[in-house]
Amino acid sequence: MLADALRAHPAGLDEAFGLVDGLDDALVHGLARLDDDRAAALDALVAAFSATPLAERVTEAIGKIISGTVTDEHLAVLAGCRVALLGAAHDALLTGLDTARGRTREPFPVAAASIDAGHLSAGSRSWLRELAIAGWRGVDHELAAGGSPAVQALLAEPSRRRLAVLLDGFAAELRAAAPVATLPRVPVRRWADLWARALILAQDGRPADPADPVDGRFLILGADLHEHPTVFRCQVHGLLETAGRVRLVRTSVAAAKVDTISGAAAWRMLSAFPILLAGLAEHRSLDVAGMALTAGGDLIWDETRAAAGEPADPFASARVLLAGAVAASTAPLDRHPAVLAEPVLLEGYTATTDAFDLGGVTVGLDVDRLPAAGPLTPELVAASTACIGLLRFDGGWAVQPIALQATVRKKPVVVHTGDWALGPTEAKAAKAEAAAGTAVDVLRERAGRLLRK
Amino acid sequence: MTSEGVAYERRGAAPVIAPVRPRKLAKVPFVELAEGRLQGVVSSGSDPARVYVSSITAGEHGLSCNTNNNRPCGGLSGAHPCNHLRALVDAAVAQYGADRVARYLRVEPPEDETDIWPALHPVAAPGRTPEVFSSFLRHLAYLELPPTTDPLPELQWFPAAGAVR
């Protein structure tokens, strides 16, 4: 039962997080200023990895770092330690869920090809090294802005978009928080996560995520929206029906934006994907032909290979097909508890604005993940009787609702996060969107006037 | 094992930047808190092809205002702010809230005071017009980038901004 998995506490999880915390704490005041406690926390990694294939490299890198030599190679080993520890935590948590729910998951294939990070990554690595040496508390305006040239260079190269988007979001936080010396609380885990992920993406020889073309019917379960000052992304979770089998997949469309474009108006930035957006807003299935599906379960969305299908109710799809769908495995280097977003159908619970009592376990609601660009509100969650949600783990399990069946003033209401993909369907939100939408037009006009002179 | 009571320091999704509030952009298309300055671009009231580049340094409150061709603004005399600088501060307060702007400029206005100016002790400062203007052009260039269908796994750390309902 799901409740058992949510209550369970995988063996070794606390120890793994403890080691990660020790590493992360060393980054708060920087590797150039390690006191005895922080050096001891890093030394604990040496012991923890002593029986692994990484043993030799971890011993050398941490020895050198403690004695004051910090090279790119040593930092890559630190990031590698985090991947190993958090990857193991990810696997333990996901295995618990899969076992409880009887989910079959295909193993990730051994990758043949690798990706060359290219010359553009050197600038990112050197900024990430400066950050690690100075520590978060040492980040001033100048250091926070120091990653900007690297980000601009990466943004100009479409194949490096993933690292560019990550670094740009990370750098924006450091700029907003600088000087970090005076910040009341430092997001220690978060910044170490972002730092380590960026460092891994800036390495040469990362394995590629293999993909194969697929034909079938994509049944939408719901949309999850992501955003930082310069990106807006809609990730759609759904079921892909192909000949004889049903797979649990995701697809993603993202657009660059600026901080003043937010809320429902951000959907305008995704106008290059009318078929996917209409599928969300009109609750239709989508037919795909020859579209690439990666081993990690990501359908690489391509409007030229998609067509609108019949009306399809996400709750009906979830009730009939979600339990038996085969899931994909996360790419090895991407495994981390924070990337867990497992679709679940919940019914028969008792709801409040901040938790669901599932009978036997109470699971918190991730209300920070109810976006302004969609119609879901904590009040609707509290009034709901059925929910399609994403199970997430951030120090503990929580549910992020992405679709709700609720009763409001004795009338049944159904809302989905993607309902406003073609514009808000509610009068007040539509008015706000129209006003905010002029921001997009104003900036485009300014861009036209000033950029092309 | 559910998520209640997890410390801010140990949360991957710990919020860092408060979502910016929607505001009208026609008069002040660009404002940012960056490089130790509140800086931005203010549209000219008379000439649609001209913009003013205005900034206030954090700590010292050094004022500067020039056109994008680096000609000094006629309205700014030493420590007395011009209308462009006033519009810039208004836009920053609308976008970030008075608290965040005050913290960045390192002033402590009395509680419930939303006007930042009485707390500032402005002086004249050399302009950084080319830097601020190129920052604005970089800002606009985001609108020209093609969309992407890359799965971008790291965006799991960046949930879309919640509504201030």
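In order, the protein sequences belong to chains A and B. Residue numbering for the first sequence follows full-length UniProt numbering, beginning at 1 and increasing consecutively. Residue numbering for the second sequence follows full-length UniProt numbering, beginning at 1 and increasing consecutively. Even glycine gets a Cβ: it sits at the ideal position worked out from N, Cα and C.
Practice task
Tell me whether HIS226 of chain A sits in a helix, a strand or coil according to DSSP, three-state version.
Solution key: Position 226 of the first sequence holds residue 226 of chain A. DSSP places HIS226 of chain A in the strand class (E or B) of the three-state scheme.
Handout entry: Interface partners of VAL101 of chain B on chain A, CB under 8 Å
Key = As a working mapping, residue 101 of chain B is identified with position 101 in the second sequence. Per Cβ cutoff of 8 Å: no residues; VAL101 of chain B is ~12 Å from chain A at best.
Exercise for the section: Run the CB neighbour count on GLU157 of chain A, radius 10 Å, all protein chains shown included, and call it buried at 16 or more, exposed below. Expected result: Locating residue 157 of chain A in the first sequence gives position 157, where the first residue counts as 1. So GLU157 of chain A counts as exposed.
Exercise for the section: Taking PHE108 of chain A and SER329 of chain A to be in contact with their CB atoms under 8 Å, please state how far apart those CB atoms are, rounded to whole angstroms. Expected result: Position 108 of the first sequence, counting from 1, holds the residue named residue 108 of chain A. Position 329 of the first sequence, counting from 1, holds the residue named residue 329 of chain A. Indeed they touch by this definition, with Cβ atoms about 4 Å apart.
Exercise for the section: Can you tell me which of A:ALA338, A:CYS387 and A:ALA266 puts its alpha carbon nearest to the alpha carbon of ASP347 of chain A? Expected result: Along the first sequence, read from residue 1 onward, the residue named residue 347 of chain A stands at position 347. Checking the displayed sequence, the identity of residue 347 of chain A turns out to be Glu instead of Asp. Closest by alpha carbon: A:CYS387.
Exercise for the section: Can you pull the chain B residues whose beta carbon is under 8 Å from the beta carbon of GLU15 of chain A, in chain order? Expected result: To locate residue 15 of chain A, count along the first sequence from 1; it is residue 15. Those within 8 Å of GLU15 of chain A in chain B number zero; the least Cβ separation is about 15 Å.
Practice task
Helix, strand or coil for GLN203 of chain A, going by three-state DSSP, please let me know.
Solution key: Position 203 of the first sequence, counting from 1, holds the residue named residue 203 of chain A. If DSSP states are grouped into helix, strand and coil, GLN203 of chain A belongs with coil.
Practice task
Using DSSP bridges, identify the partner residues of ALA403 of chain A.
Solution key: Position 403 of the first sequence, counting from 1, holds the residue named residue 403 of chain A. The partner list for ALA403 of chain A (beta bridge, DSSP) reads A:ILE388 and A:HIS416.
Handout entry: Where THR129 of chain B sits in the DSSP three-state scheme
Key = What you label residue 129 of chain B is simply residue 129 of the second sequence in a count that begins at 1. The answer is helix: DSSP assigns THR129 of chain B an H, G or I state.
Practice task
Starting from the beta carbon of LEU105 of chain B, find every residue of chain A whose beta carbon is closer than 8 Å, and list them in chain order.
Solution key: On the second sequence, position 105 is the one that residue 105 of chain B refers to. Chain order gives no chain A residues near LEU105 of chain B, where near means a beta carbon separation below 8 Å; the closest approach is about 13 Å.
Exercise for the section: May I have a chain-ordered list of the beta strand (DSSP E) segments no shorter than 3 residues that lie completely inside the stretch 67-141 of chain B? Expected result: The qualifying runs do not exist here; there are none.
Practice task
Note down, in chain order, every chain B residue with its Cβ under 8 Å from the Cβ of ALA327 of chain A.
Solution key: In the first sequence, counting from the first residue as 1, residue 327 of chain A sits at position 327. In chain order: nothing, as chain B lies at least about 15 Å away.
Exercise for the section: Spatial neighbours of PRO371 of chain A within its chain, please: CB distance less than 6 Å, with the 5 preceding and 5 following residues excluded, ordered by chain position. Expected result: By 1-based counting over the first sequence, the position of residue 371 of chain A is 371. Once the five neighbours on either side are set aside, the close Cβ partners of PRO371 of chain A are LEU225.
Handout entry: Those runs of the beta strand (DSSP E) which lie wholly inside the stretch 17-54 of chain A and span at least 3 residues
Key = The qualifying runs do not exist here; there are none.
Problem - Residue range of the alpha helix (DSSP H) that includes ASP91 of chain A - result: Working through the first sequence from its first residue, we reach residue 91 of chain A at position 91. Going by DSSP, ASP91 of chain A is part of the alpha helix (DSSP H) stretching over 72-101.
Exercise for the section: Count the other CB atoms, across all protein chains shown, that sit within 10 Å of the CB of ARG185 of chain A; report buried if there are 16 or more and exposed otherwise. Expected result: Counting from 1 along the first sequence, the entry for residue 185 of chain A is found at position 185. Looking at its Cβ environment, which holds fewer than 16 other Cβ atoms inside 10 Å, ARG185 of chain A is exposed.
Handout entry: CA-to-CA distance, ASP91 of chain A to LEU239 of chain A, given in whole angstroms
Key = Reading the first sequence from its first residue, position 239 is the one you call residue 239 of chain A. Reading the first sequence from its first residue, position 91 is the one you call residue 91 of chain A. So the alpha carbons of these two residues sit roughly 22 Å apart.
Practice task
Quick one: measure Cβ to Cβ for VAL415 of chain A and LEU376 of chain A, integer angstroms, because I've assumed they're closer than 8 Å.
Solution key: Within the first sequence, numbered from 1, the residue matching residue 415 of chain A stands at position 415. Within the first sequence, numbered from 1, the residue matching residue 376 of chain A stands at position 376. The beta-carbon separation of VAL415 of chain A and LEU376 of chain A, rounded to 6 Å, stays under the 8 Å limit for a contact.
Practice task
Please decide whether ILE17 of chain B counts as near chain A, where near means a Cβ-Cβ distance under 7 Å.
Solution key: For this step, residue 17 of chain B is matched to residue 17 along the second sequence. When Cβ-Cβ separations below 7 Å define contact, ILE17 of chain B makes contact with chain A.
Handout entry: Three-state secondary structure (DSSP) of MET1 of chain A
Key = For the purposes of this step, residue 1 of chain A is taken as residue 1 along the first sequence, with counting starting at 1. DSSP places MET1 of chain A in coil when its eight states are reduced to three.
Handout entry: VAL42 of chain B beta carbon less than 7 Å from that of ALA87 of chain B
Key = Locating residue 87 of chain B in the second sequence gives position 87, where the first residue counts as 1. Locating residue 42 of chain B in the second sequence gives position 42, where the first residue counts as 1. A contact, by the Cβ cut-off of 7 Å.
Handout entry: Short Cβ contact (7 Å threshold) for TRP397 of chain A with VAL440 of chain A
Key = Taking the first residue of the first sequence as position 1, residue 397 of chain A is located at position 397. Taking the first residue of the first sequence as position 1, residue 440 of chain A is located at position 440. Contact: no.
Handout entry: N-terminal and C-terminal residue of the alpha helix (DSSP H) that GLN152 of chain A is part of
Key = Within the first sequence, the letter at position 152 stands for residue 152 of chain A. Residue range 148-155 is occupied by the alpha helix (DSSP H) that includes GLN152 of chain A.
Practice task
Please go through the same chain and pick out, in chain order, the residues whose beta-carbon is closer than 6 Å to the beta-carbon of LYS64 of chain A, but skip the five residues on each side of it.
Solution key: As a working mapping, residue 64 of chain A is identified with position 64 in the first sequence. Excluding positions up to five away in sequence, the list reads HIS74.
Handout entry: Residues, ordered as in the chain, of the stretch 230-249 of chain A that lie near chain B by beta-carbon distance below 8 Å
Key = For the stretch 230-249 of chain A, which is checked against every Cβ of chain B, the residues closer than 8 Å are THR230, VAL231, PHE232, ARG233 and GLN235.
Practice task
Could you list the residues in the stretch 27-54 of chain B with a C-beta less than 9 Å from some C-beta on chain A, going in chain order?
Solution key: Against chain A - using a Cβ distance shorter than 9 Å - the residues of the stretch 27-54 of chain B are PRO29, PHE30, VAL31, GLU32, LEU33, ALA34, GLU35, GLY36, ARG37, VAL41, SER43, PRO48, ALA49 and VAL51.
Practice task
Give the residues of chain B in contact with PRO158 of chain A, contact being defined as C-beta atoms less than 8 Å apart.
Solution key: Here the question's residue 158 of chain A lines up with position 158 in the first sequence. Think of a sphere of 8 Å around the beta carbon of PRO158 of chain A: the chain B residues whose beta carbon falls inside it are PRO146 and THR148, in chain order.
Practice task
Under the assumption that ARG161 of chain A contacts THR129 of chain B (Cβ atoms under 8 Å), give the Cβ distance between them as a whole number of angstroms.
Solution key: Within the first sequence, residue 161 of chain A is the residue found at index 161, counting from 1. Within the second sequence, residue 129 of chain B is the residue found at index 129, counting from 1. No, ARG161 of chain A and THR129 of chain B are not in contact; Cβ-Cβ is about 31 Å, not under 8 Å.
Practice task
Answer yes or no: do ARG190 of chain A and ALA7 of chain B have a C-beta to C-beta separation smaller than 7 Å?
Solution key: Taking the first sequence and counting its residues from 1, one reaches residue 190 of chain A at position 190. Taking the second sequence and counting its residues from 1, one reaches residue 7 of chain B at position 7. Not in contact: ARG190 of chain A and ALA7 of chain B (Cβ atoms no closer than 7 Å).
Handout entry: Cβ shell of ALA196 of chain A (< 8 Å), same chain only, five flanking positions each side left out
Key = Position 196 of the first sequence, counted from the first residue, corresponds to residue 196 of chain A. Cβ neighbours of ALA196 of chain A beyond the five flanking positions: LEU78, ALA79, ARG82 and VAL83.
Exercise for the section: Compare the C-beta of ALA14 of chain B against all C-beta atoms of chain D and say whether one is closer than 7 Å. Expected result: Although the question refers to chain D, the structure presented lacks it and instead comprises the protein chains A and B.
Problem - Proximity to PRO401 of chain A [Cα-Cα], best of A:ALA429, A:ALA427, A:ALA355 and A:LYS431 - result: On the first sequence, position 401 is the one that residue 401 of chain A refers to. Nearest to PRO401 of chain A by C-alpha distance, out of A:ALA429, A:ALA427, A:ALA355 and A:LYS431, is A:ALA355.
Practice task
Taking 8 Å as the threshold, find out whether the stretch 308-324 of chain A comes into contact with the stretch 261-269 of chain A through three or more Cβ pairs.
Solution key: Counting C-beta pairs with one atom in each stretch, the stretch 308-324 of chain A and the stretch 261-269 of chain A have fewer than three that are closer than 8 Å, which means they do not touch.
Practice task
Using DSSP bridges, identify the partner residues of GLY40 of chain B.
Solution key: Numbered from 1 along the second sequence, position 40 holds the residue referred to as residue 40 of chain B. When beta bridges are read from the DSSP output, GLY40 of chain B appears opposite B:VAL31 and B:SER54.
Problem - Own chain, CB closer than 6 Å to ARG449 of chain A, minus 5 neighbours either side, in chain order - result: If you number the first sequence from 1, residue 449 of chain A lands on position 449. Around ARG449 of chain A, the same chain offers no residue with a beta carbon nearer than 6 Å, after the five sequence neighbours per side are excluded.
Problem - Where THR114 of chain B falls, given that 16 or more other Cβ within 10 Å makes a residue buried - result: Your numbering for residue 114 of chain B matches position 114 in the second sequence. Result: exposed.
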